[in-house]
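K.L.:
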Amino acid sequence: MDDAHASTPVDDLRAAVLRAAAALGATPKSAPTLERPKQASHGDYATNAAMLLAGALKAPPRDVAARLADAIAVELGDDLDRAEIAGPGFLNLFLGDGWHARALTDVLAAGDDFGRVAPDAPGRERINVEFVSANPTGPVHVGGSRNAAHGDALARMLTFVGHDVHREYYVNDFGSQIVKLGESVQARARGEAIPEDGYQGAYVQEIADQLPGAADGDLAEVSQQAVALMIKRVKASLSAFGVEFDTWFSEKSLHEPGPDGAPSRVQHAFDVLAEQGRTYRHEGALWLRTTEFGDEKDRVLERSSGEHTYFASDIAYHQDKRERGYTRLIDLWGADHHGYMQRMHAAYEALGGAPGDLELLIMQFVHIVERAADEETGAEETTRVKMSKRAGEFVTLDELVSEIGVDAARWFLLARSHDTTMDLDLDLARSESAENPVYYVQYAHARIASILRRSEVTPDPVIPEGVALHASERALVQALLAFGPAVADAAGRRAPHRLVTYVLELAQTFTAFYRDCPIVGDEAEAFRAALAGATQHVLATGLDLLGISAPVEMHREDAAVPGPAAR
RNA sequence: GCCCCCAUAGCUCAGCUGGAUAGAGCAGCGGACUUCUAAUCCGCAGGUCCCAGGUUCGAAUCCUGGUGGGGGUGCCA
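For the record, in the first sequence the residue sitting at position 389 is 389 according to my numbering, with numbers rising by one throughout.
#1: May I have the straight-line CA-CA distance separating Glu196 from Val227, to the nearest angstrom?
#2: Quick check: the Cα distance between Ser253 and Leu286, rounded to an integer number of angstroms?
#3: Name the DSSP bridge partner or partners of Asp425?
#4: Within 8 Å, do at least three Cβ pairs link the stretch 236-255 to the stretch 171-190?
#5: Let me know the secondary structure DSSP gives Asn172 once reduced to three states.
#6: What do you reckon, are the CB atoms on Ala46 and Leu80 nearer than 8 Å?
#7: Is it the case that the Cβ atoms of Ile570 and Asp398 are separated by a distance below 8 Å?
#8: Comparing C-alpha positions only, which one of Gln186, Lys38, Ala530 and Leu288 sits nearest to Val204?
#9: Can you list, in chain order, the residues of its chain whose CB lies under 6 Å from that of Phe365, leaving out five sequence neighbours each side?
#10: Considering only the beta carbon of each residue, do Gly25 and Met51 sit closer than 8 Å?
#11: How far does the alpha helix (DSSP H) with Arg322 in it extend, from its first residue to its last?
#12: Classify Arg299 as helix, strand or coil using the three-state DSSP reduction.
#13: Roughly how many whole angstroms lie between the Cα atoms of Asp120 and Gly162?
#14: Which residues mark the beginning and the end of the alpha helix (DSSP H) in which Thr279 is found?
#15: How would you call Pro28, buried or exposed, if buried means at least 16 neighbouring beta carbons within 10 angstroms?
#16: Opposite Met363 in the DSSP bridges: which residues?
#17: Using alpha carbons as the reference points, say which of Pro60, Pro518 and Pro464 lies closest to Ser455.
#18: Taking 8 Å as the cut-off, decide whether the C-beta atoms of Phe483 and Phe114 are in contact.
#19: Taking contact to mean 3 or more Cβ pairs, one atom from each stretch, closer than 8 Å, check whether the stretch 438-455 and the stretch 535-544 are in contact.
#20: Relative to the alpha-carbon of Thr400, which residue among Ser417, Leu424 and Leu360 has its alpha-carbon at the smallest distance?
#21: Enumerate, from N- to C-terminal direction, the unbroken alpha helix (DSSP H) stretches of 4 or more residues contained entirely within the stretch 46-120.
#22: On a Cα-Cα basis, can you pick out the residue from Ala109, Gly55 and Asn48 that is closest to Pro459?
#23: Output needed for Lys180: all residues of its chain with C-beta closer than 6 Å, excluding positions within five of it in sequence on either side, in chain order.
#24: Within a Cβ cutoff of 7 Å, which residues of the same chain sit near Ala408, ignoring the five residues on either side of it in sequence?
#25: On a CA-only basis, which of Asp271, Ser184, Asp78 and Ile85 is nearest Gly43? Give me that one, please.
#26: Excluding five sequence neighbours on each side, which residues of the same chain lie with their C-beta closer than 8 Å to the C-beta of Glu523?
#27: Can you tell which of Gly339, His318 and His338 has its C-alpha closest to the C-alpha of Leu329?
#28: Going along the chain, which residues of its own chain have a beta-carbon closer than 8 Å to the beta-carbon of His308, five neighbours each way excluded?
#29: Which residues in the same chain as His338 place their Cβ atom closer than 6 Å to its Cβ, once the five residues preceding and following it in sequence are excluded?
#30: Could you please give the first and the last residue of the uninterrupted beta strand (DSSP E) stretch that includes Phe249?
#31: Exposed or buried, which one is Gln200 when buried takes at least 16 other CB atoms within 10 Å?
#32: Name the DSSP beta bridge partners of Thr396, please?
#33: Look at Asp106 and Thr8 and say whether their C-beta atoms are less than 8 Å apart.
#34: Does DSSP put Asp44 in a helix, in a strand, or in coil?
#35: What residue range is occupied by the uninterrupted alpha helix (DSSP H) comprising Ile448?
#36: Hey, Ala208 and Ala189 are a contact pair by Cβ (cut 8 Å); roughly how many whole angstroms apart?
If you want it as structure tokens, here you go:
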């Protein structure tokens with residue numbers, strides 16, 4: 001939208017509307033909308049500019065719309081078929097075939113860069129996206145899966161819109177929970193019962209089996225070895241899910257002294273805070289004045305026992321990220337951490353950070369639901385699968401992937417806004433995987449690939465003499481033009497689900513075109529092949545930004561198990 | 001008690017920095033397979049956008065107050 005680099009056909013249209021408004025001698029009180037109306041009868045694009053100008057011009061909106069229509073007609077020339085005034089003062093613009101053909105030419109000319117923002121464009125930021133960061137005391141479960149899908153897609157989209165993105169996983173390899181893991185592993189190694197507050201999952205036994213000396217080893221050492229093995233498993237799970245990180249950041253390292261006897265990064269963060277007078281001693285503990293930045297109470301950094309709190313680690317970690325030169329920090333946290341936001345924001349400000357530079361996104365819970373028929377009544381009931389690492393009962397990322405596949409899992413987890421709790425019906429995802437919208441989108445992509453394999457003409461976005469575009473063709477061109485803004489919007493709002501919606505709508509728009517407009521053998525085959533090819537490219541790009549594959553072939557037999565052959 | 005998130009079709013959810021007749025998928029009903037792959041398409045039905053006020057030309061959207069659900073609220077991590 002505000003990309004000064006490449007102006008798209010829609011940008012040009014918007015500029016023409018603004019110039020027309022200026023020609024009337026007034027500037028709109030806010031930026032006019034230029035949107036594709038839901039109804040075809042409302043034109044290709046509609047603007048509310050006249051309603052925004054009415055006040056300044058002291059004229060009824062519909063009168064202003066009439067004058068604006070004349071001015072826009074002058075600006076657009078042959079590109080404008082007609083403009084209609086509607087409702088309270090909307091101006092509905094009907095654009096000509098020539099405009100659409102030129103727009104498609106632009107899309108094709110942009111190639112791989114279509115919709116992308118160049119890295120040297122203004123507004124580029126250095127962004128650190130920290131996500132998943134699940135404790136290495138068990139496998140990644142469903143909550144972590146949502147976090148992984150969301151963070152990965154967000155990182156991909158932010159990169160696409162021109163930012164320098166660094167992906168990071170914060171490993172909580174420090175503190176009492178690690179000891180607990182060690183104790184649990186050791187107990188298993190000895191064939192003893194796991195402590196009541198220990199970790200009960202079967203993976204604990206697996207870890208124990210992989211550590212020969214676990215039974216009699218030093219607890220601290222066993223703990224660290226167990227953590228190392230867990231991290232390895234977590235990495236493998238995420239990698240299989242298509243999620244990779246640039247940095248696995250150890251919490252433990254924050255507490256270790258720096259090179260040449262320099263203070264630890266935790267101590268360094270304490271020093272930074274102390275210099276600014278943000279800390280104080282009370283009853284033997286070190287406190288941070290988070291209340292000065294809106295927190296409800298001050299927080300302890302160092303207990304009277306001398307131990308550092310988790311909060312101290314997190315502050316040191318964020319100070320470290322600041323010192324690494326990022327202009328923006330985005331953390332994706334699980335819902336169970338949301339009570340922690342206020343104090344983290346406060347701490348970030350206490351360190352000297354600007355309030356808006358740290359974004360904390362809370363990933364609401366995913367409830368895994370399974371259906372079961374009641375044996376007595378036969379009525380179907382849904383039950384929530386409980387997720388607790390301690391109890392060893394949860395649905396893991398690995399299980400989710402093996403049940404419904406990477407593509408469907410990512411689609412499901414990304415299709416909904418991160419701040420709403422969601423139900424994921426495993427039975428539905430399993431039994432109806434072929435009905436899943438993700439397959440619909442992939443099928444559209446594969447179908448285009450098939451058509452283009454069959455077509456023998458060279459795609460060329462030129463409309464043959466005497467041929468008029470079908471409404472479905474114009475709609476598809478317009479849908480393609482909406483790609484860049486859709487990615488920018490999804491990235492800017494940190495809302496990957498908006499891109500999911502876009503991709504689904506594009507597939508639907510294509511399918512309507514496919515229904516209405518034969519390609520192979522048609523008089524306009526070259527144009528339609530060009531249009532289909534551009535659609536294929538945008539679908540593939542959009543799916544890639546979501547971490548979902550774009551197969552060139554799909555076969556019904558593979559429906560239940562979308563394996564490598566289908567990808 | 002206080003803080004955060006949510007409430008839209010039978011179900012799961014989009015739409016939320018105000019725009020025209022509130023959408024999608026699934027489920028339901030009725031149709032279409034000599035195909036550019038029917039993993040599809042067409043049609044029908046389905047709604048007090050939780051409630052009550054307010055802001056204005058216009059509110060699912062913004063504001064206030066409620067109701068209901070979820071989560072958080074430790075010198076735990």
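All C-beta atoms in this analysis are idealised placements derived from N, C-alpha and C, irrespective of residue type, glycine included. Being a predicted model, the structure only gives us computed values, none of them experimental.
P.N.:
Reading it off the structure:
#1: Distance between the alpha carbons of Glu196 and Val227: 20 Å.
#2: The straight-line gap separating the alpha-carbon atoms of Ser253 and Leu286 is approximately 21 Å.
#3: DSSP, once it has assigned bridges, lists Val369 as partnering Asp425.
#4: The stretch 171-190 vs the stretch 236-255: in contact.
#5: In the three-state DSSP reduction, Asn172 falls in the coil class, being neither helix nor strand.
#6: No, they are not a contact pair.
#7: Since the first and last residues shown for the chain are 1 and 567, residue 570 lies out of range.
#8: Taking the Cα of Val204 as reference, the smallest distance to any Cα among Gln186, Lys38, Ala530 and Leu288 is reached at Gln186.
#9: Contacts found: Ala335 and Thr421.
#10: No, Cβ-Cβ distance for Gly25 and Met51 is not below 8 Å.
#11: That run of the alpha helix (DSSP H) goes Tyr310 to Glu323.
#12: In this structure, Arg299 counts as strand in the three-state DSSP scheme.
#13: Straight-line Cα distance between these residues: approximately 7 Å.
#14: Here Thr279 belongs to no alpha helix (DSSP H); instead the beta strand (DSSP E) covers Thr279 to His282.
#15: Pro28 is buried by the Cβ-count criterion.
#16: Note: Met363 sits in a beta bridge opposite Gly334.
#17: Out of Pro60, Pro518 and Pro464, Pro518 has the C-alpha closest to the C-alpha of Ser455.
#18: Taking 8 Å as the cut-off, the Cβ atoms of Phe483 and Phe114 count as close.
#19: As far as the Cβ criterion goes, the stretch 438-455 touches the stretch 535-544, which means the pair count is three or higher.
#20: The displayed chain sequence assigns Leu, not Thr, to residue 400. In terms of CA proximity to Leu400, Leu424 leads the group Ser417, Leu424 and Leu360.
#21: Taken in chain order, the whole alpha helix (DSSP H) runs of length 4 or more contained in the stretch 46-120 are 49-57, 61-76 and 97-110.
#22: The candidate whose alpha carbon is nearest that of Pro459 is Ala109.
#23: Cβ contact annotation for Lys180 (same chain, cutoff 6 Å, sequence separation greater than five): Gly198, in chain order.
#24: Correct list, in chain order: Ala429, Ser433, Asn436 and Val438.
#25: Ranking Asp271, Ser184, Asp78 and Ile85 by Cα distance to Gly43 puts Ile85 first.
#26: The beta carbon of Glu523 sits closer than 8 Å to the beta carbons of Pro464 and Val467 from its chain, once the five residues preceding and following it are set aside; these are given in chain order.
#27: Selected option, being the one with the closest Cα: His318.
#28: Annotation for His308: His255, Val266, Leu301 and Glu302 place their beta carbon closer than 8 Å to its own, counting only its chain and skipping 5 residues before and after.
#29: Excluding positions up to five away in sequence, the list reads Ile362.
#30: Per DSSP, Phe249 is one residue of the beta strand (DSSP E) stretching across Thr247 to Ser250.
#31: With 16 or more other Cβ atoms from the protein chains shown falling within 10 Å of its own Cβ, Gln200 counts as buried.
#32: Paired residues: His141.
#33: Cβ atoms of Asp106 and Thr8: closer than 8 Å.
#34: Here Asp44 sits in coil by DSSP.
#35: Run containing Ile448: Pro437 to Arg454, per the alpha helix (DSSP H) assignment.
#36: So it is a contact: roughly 4 Å between Cβ atoms.
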